[in-house]
Every structure is written in structure tokens, then in C-alpha cells.
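55 is the number that our numbering gives to position 55 of the sequence shown; each next residue is one higher, with no gaps.
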Amino acid sequence: MDFFDRDLDLEGQRKQVEQALALMSRQVDEMDSKIRAFLADRNNKPHPRHLDLIEKIQAFRIPNSISTKHLTVLLDNLQWKLHYSKQAWSRVWEHAEKQSQKHPGASNESIAANPASDDGSMRQQSKAQYSVDTLWEIQQEKLRAYGHTDAQETKTEFKKRMIQEYKKLNQEKKKGQEIIMTFDADSHQCRLGVK
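Dropping the structure here:
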């Protein structure tokens, strides 16, 4: 991972690695509250993007040229912290999914907050694009939570299906209704509906 300034001396580079590890450790600590906030209010809270943080930490490497025992221990500690946090996040997520199955509609994700209009303004289209990407991430997390590792559809197929379902429901919905997403455990797919 090339995140440090190569013009710095050895100690400066080591200090940068130590600071990067400390930052990622704080991000792991903060992620717990972000996940809980998102699961409590999916309509108004941003997706925590914890998978990006997990990937970033798992890919982190200390270059051999600046590696020390101290830095290696810090990285090991961070990896273990991530391991246990990941388990806790999975349990919290699974609990939220079970609660949403007991109380359907309680934690459904609304995607009608920023629908793309037919006039095609770039700002609204980019918000709609983010929304579809977020839904894709949510579907992937739900599949993992249910233990399904085989890909049912590609991201492109998912986006196409979501856009088609959204357009159809957007035309059919009545005033005051909003388009929501639910996870269908039988088909292993996220589906759109109106509420």
C-alpha cells in the first residue's frame, strides 16, 4: 500500500505507518456506531460502507524496508481487532434482519428519496446511481448473512432489474406511497415494492 511519502526518512515513513494504523483503529471503533445508526434508521442514515474499511485493512501491508517489530505488532493488533469487530457487526446485522422479518416494513430501505426524473438532470441521476449501488451492497450483505455465496446475478443485471422495477412501480404508485426494498429469502434477491 503506497500511502506514505517516499521522500521522508526511514523514521518519518515509520511514523506515517503508525499514524495510518492508529487512524484505521479509530475507524473500526467508529464503525460500530455507524452500523447501529444505519440499521436503526436506514431511510435517513448513510450506509456505513464497512466492507470498504474491512477490505482496506485486510489489504494493508507494511513495506519490508521500513518494517519493525513494533509496527508488525500494531498491524497484528489491528487485524485481530477487525476480526472480532467483524463478528460483532455480523451479529448486529443478523439481529436486525431477524427483527425486520418479525416486523416486516420496519427496516425497509426507501429508495424514493431522490428519484431520477425523466428530464434527466445530472444531479438527480448521480443520486439515483448511488442509490442503486447502495442497494447492490445491501443485497450482497444480506446474501452473506444468509450464507449464500453463489452469485445469483451480476451487478449489471441487478442494476438493470432494479431500474426496470423502479420505473414500473414509480408509474403505478399512488400519492403518499413510497418505493421500498425488501429481501426475498426464497429467491435470494432484493425486490422493490410500494408501501
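All C-beta atoms in this analysis are idealised placements derived from N, C-alpha and C, irrespective of residue type, glycine included.
Excluding sequence positions up to five away, which residues of its chain have a Cβ less than 8 Å from the Cβ of residue i?
{"i": "Arg-191", "result": "Glu-165, Met-181, Thr-182, Phe-183, Asp-184"}
{"i": "Leu-75", "result": "Leu-21, Phe-60, Ile-62"}
With DSSP as the reference, label residue i as helix, strand or coil.
{"i": "Ala-113", "result": "Low confidence applies to Ala-113: its pLDDT is 36, below 50, so where it sits in the model is not reliable, and the reading given next is rough at best. Note: Ala-113 maps to coil in three-state DSSP."}
{"i": "Gln-189", "result": "strand"}
{"i": "Asp-150", "result": "coil"}
{"i": "Asp-41", "result": "coil"}
{"i": "Asp-133", "result": "helix"}
{"i": "Asp-9", "result": "coil"}
Spatial neighbours of residue i within its chain, please: CB distance less than 7 Å, with the 5 preceding and 5 following residues excluded, ordered by chain position.
{"i": "Val-17", "result": "Phe-4, Ile-62, Ile-66, Leu-71"}
{"i": "Leu-86", "result": "Strictly speaking, residue 86 in this sequence is Lys, with Leu absent from that position. Excluding sequence neighbours, Lys-86 sits near Ile-54."}
{"i": "Gln-177", "result": "Val-194, Lys-195"}
{"i": "Ile-50", "result": "This sequence places His at residue 50; Ile is not what is there. Taken in chain order, the residues that qualify are Met-31, Ile-35, Trp-89."}
{"i": "Arg-91", "result": "none"}
{"i": "Gln-152", "result": "His-188, Gln-189"}
Just to confirm, are residue i and residue j a CB contact at a threshold of 7 Å?
{"i": "Ala-145", "j": "Glu-97", "result": "yes"}
{"i": "Ser-25", "j": "Leu-78", "result": "yes"}
{"i": "Lys-155", "j": "Trp-136", "result": "yes"}
{"i": "Thr-134", "j": "His-47", "result": "yes"}
{"i": "Leu-82", "j": "Ile-57", "result": "yes"}
So, at 6 Å on beta carbons, what are the nonlocal neighbours of residue i in its own chain, with the 5 sequence-adjacent residues on each side left out?
{"i": "Arg-39", "result": "The sequence given here has Leu at residue 39, not Arg. Hits under 6 Å: Ala-96."}
{"i": "Phe-158", "result": "Trp-136"}
{"i": "Asp-119", "result": "Because the pLDDT of Asp-119 is 41, which lies under 50, any placement of that residue in the model is unreliable, and the number read from its coordinates should be weighed accordingly. Closer than 6 Å at Cβ, skipping near neighbours: no residue."}
Inset, instruction - Would you check if there are 3 or more beta carbon pairs closer than 8 Å linking the stretch 165 to 180 to the stretch 139 to 149? - result: no
Legend entry - Completely contained alpha helix (DSSP H) runs for the stretch 48 to 96, where each covers 4 or more residues: 50 to 59
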